[in-house]
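Trainee: Pasting a structure here, questions to come.
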Amino acid sequence: MAMGDSKVCVFCEIAKGERPAHVVMDAPDAMAFLDTRPLFKGHTLLIPRVHYETLTDLPGEMLGPFFGHAQRLAAAMESVLEAAGSFVAMNNRISQSVPHLHVHIVPRDRKDGLRGFFWPRQKYASEAEAADYATRLSTAVPTP
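To get my numbering, take the position in the sequence shown, counting from 1, and add 1.
Rendered as structure tokens:
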């Protein structure tokens with residue numbers, strides 16, 4: 002599905018009001034609504050109104066405003082739901098259940114049962130291998 006193309010996208014249908022959702026935030030550029038399968042009550046999904054599949058598809062000028070919404074939603078988890086903190090995450094392609102960019106903002110409390118990431122951690126074989134990965138990545142990431 003191309004950027005801006007919303008055919009058969011559940012999140013685009015929600016943004017257009019064609020599918021019901023428990024709306025948390027309704028802004029001209031983005032929308033947030035409760036996840037229908039929450040990790041914890043209050044688990045919210047933030048989406049751009051225009052269809053972008055992944056974070057790399059989101060235009061640079063939208064990054065600040067979009068993550069400003071995420072920041073305000075994370076603050077609301079603490080102020081309104083009295084959560085001790087929040088978990089803010091997104092998937093790009095892998096494990097992305099709906100192919101429309103979305104950020105999960107989940108209220109968190111100590112000992113709530115959510116144990117970090119749900120996949121095994123790996124170690125670098127050596128400091129040299131870690132340095133090699135860092136160098137390879139840094140050459141691909143331009144400095145703003």
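We treat Cβ as the ideally placed atom computed from N, Cα and C, and that holds for glycine.
Quick caveat, the model's predicted, so the values are computed rather than measured.
By the 10 Å Cβ neighbour count, where 16 or more other Cβ atoms means buried, how is G18 classified, buried or exposed?
Mentor: Exposed, by the Cβ-count rule.
Trainee: Report buried or exposed for E130, applying the criterion of at least 16 other Cβ atoms within 10 angstroms of its Cβ.
Mentor: Exposed, since its Cβ has fewer than 16 Cβ neighbours within 10 Å.
Trainee: Please return the same chain residues whose Cβ sits closer than 7 Å to the Cβ of L40, not counting the five positions on each side in sequence.
Mentor: V107, L115.
Trainee: Use the C-beta contact count for L56: other C-beta atoms within 10 angstroms, 16 or more gives buried, fewer gives exposed.
Mentor: Burial call: exposed.
Trainee: In whole angstroms, what is the alpha-carbon distance linking L82 and G43?
Mentor: For L82 and G43, the distance between alpha carbons rounds to 8 Å.
Trainee: Does the distance from the C-beta atom of R94 to that of M26 stay below 9 Å?
Mentor: The answer is no: Cβ separation not under 9 Å.
Trainee: Given this structure, state the Cα-to-Cα distance separating R109 from K124, to the nearest angstrom.
Mentor: When rounded, the distance between both Cα atoms is 27 Å.
Trainee: Please report how far the alpha carbon of A90 lies from the alpha carbon of H103, in whole angstroms.
Mentor: Distance between the alpha carbons of A90 and H103 is about 9 Å.
Trainee: Assuming L47 contacts H70 (C-beta within less than 8 Å), just tell me the rounded distance between them.
Mentor: Confirmed, Cβ separation roughly 6 Å.
Trainee: Rounding to the nearest angstrom, what Cα-Cα distance links A22 and M32 in this structure?
Mentor: Between A22 and M32, the C-alpha separation is close to 11 Å.
Trainee: Under 8 Å by Cβ, that's how I've got V11 and R20 pegged, so tell me the actual separation to the nearest angstrom.
Mentor: Yes, they are in contact, since the Cβ atoms of V11 and R20 sit about 6 Å apart, within 8 Å.
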